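Below is one structure, written out as structure tokens; comments come after it.
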Amino acid sequence: MKEMGPGTRRDTLDDHFGDWNWKKTMTLGRTLKRKMENTIKWEREHHVALYNLEGTIQPALLDEWGTEVEMWEEDNTRPNPFESKLAHTSLPTHSMNLR
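Take a look at the structure:
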């Protein structure tokens with residue numbers, strides 16, 4: 001078996017990458033259409049799941065949390081409503097408490 005010279009190797013790689021990029025360009029329309037259809041399907045499912053979840057939470061709590069989110073989006077120096085307000089404990093801490 002004979003090794004490729006540096007120029008031949010580079011040309012071969014360029015041919016392979018060029019072929020892949022061409023195929024990717026030619027199928028871009030189908031790929032985007034498929035992704036858009038999946039996005040629409042999943043958006044509907046997530047919307048239903050969110051609606052069902054919000055139905056289990058008291059409206060006053062939803063309003064309060066929504067206000068916190070809006071205030072945080074306007075001013076990021078406020079506490080982040082997406083972060084847990086409970087203190088985090090680690091596994092070593094728990095194992096020490098069990099002793």
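Going by full-length UniProt numbering, the first residue of the sequence shown is number 1, and it counts up by one from there.
By construction, the Cβ of each residue, glycine as well, lies at the ideal position given by its N, Cα and C atoms.
What you are looking at is a predicted structure, and each value in this text was computed from that prediction instead of being measured.
On the three-state DSSP scale, how would you describe D75? coil
How many angstroms separate the CA atom of L61 from the CA atom of R99? 39 Å
Complete runs of the alpha helix (DSSP H) confined to the UniProt region "Disordered" (76-99) [at least 4 residues]: 91-98
With respect to the alpha helix (DSSP H) encompassing E43, which residues constitute its N-terminal and C-terminal limits? 28-54
Could you compute how far the alpha carbon of R34 sits from the alpha carbon of M26? 14 Å
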